[in-house]
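A.B. asks:
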Amino acid sequence: MVTQPHQSEEAVRIDKWLWAARFYKTRALAKEMVNGGKVHYNGQRIKCSKTVEMGARIKLRQGYDEKEIVIKKISGIRQSATVAQTLYEETPESISKRETNAEARRLNILNNPSPEGKPDKKQRRQLLRIKEY
């Protein structure tokens, strides 16, 4: 008698695992990120059909942040966020790098505030003159 493999032992594609781990909202978006080169598996670009293995390092981008994670469990089923967080572990270097980048972005916003309002007619004409030359 042949037994079916348990879900954790099953081969799962990288796009499906990223979706199940809740890094991306849809599988289509996960597939797009993998094909676009935003996801690296053990330091290399991959195709979305790549099967994941436990202990592999994944580097991915989400907005301004870049995360480096290690796969702890394999699952192709999207579950709650608390369960999804048990599928991976973010490296300490990645956490510290994200925190310093977030702090730098916050300070940059404080140092370079946006203008108080829209330019008036005279200021718009001056801007147009500058842009023409």
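Going by the working numbering, the letters in the sequence shown line up with residues 1129 to 1261, in that order. Note that the Cβ used here is the ideal one computed from N, Cα and C, for glycine as well. The structure displayed is predicted, hence computed values, not measured ones.
With burial defined as no fewer than 16 other Cβ atoms inside 10 Å of the residue's Cβ, what is the status of R1234: buried or exposed?
C.D. replies: With fewer than 16 other Cβ atoms within 10 Å, it is exposed.
A.B. asks: Please report how far the alpha carbon of K1144 lies from the alpha carbon of L1188, in whole angstroms.
C.D. replies: 14 angstroms
A.B. asks: Nearest by alpha-carbon distance to G1204: which of V1167, G1171, R1252 and E1181 is it?
C.D. replies: E1181
A.B. asks: Using a Cβ-Cβ cut-off of 7 angstroms (strictly less than) and excluding sequence neighbours within five positions of K1159, which residues of its own chain qualify?
C.D. replies: D1143 and C1176
A.B. asks: What residues match up with I1295 in a beta bridge as DSSP calls it?
C.D. replies: With the chain represented from 1129 up to 1261, any question about residue 1295 goes unanswered, as that position is not in the structure.
A.B. asks: Using a 10 Å radius around the Cβ and a threshold of 16 neighbouring Cβ atoms, would you call I1258 buried or exposed?
C.D. replies: exposed
A.B. asks: Looking only at DSSP bridge pairs, what is I1186 linked to?
C.D. replies: Assignment of beta-bridge partners to I1186 by DSSP yields Y1169 and I1197.
A.B. asks: Among P1220, K1246, K1166 and W1147, which one has its Cα closest to the Cα of G1191?
C.D. replies: Relative to the Cα of G1191, the nearest Cα in the group P1220, K1246, K1166 and W1147 belongs to K1166.
A.B. asks: In the DSSP output, which residue or residues are listed as bridge partners for T1179?
C.D. replies: R1141
A.B. asks: Does DSSP put E1231 in a helix, a strand or coil?
C.D. replies: helix
A.B. asks: Name the residue from V1198, A1230 and G1171 whose alpha carbon lies nearest to the alpha carbon of L1146.
C.D. replies: V1198
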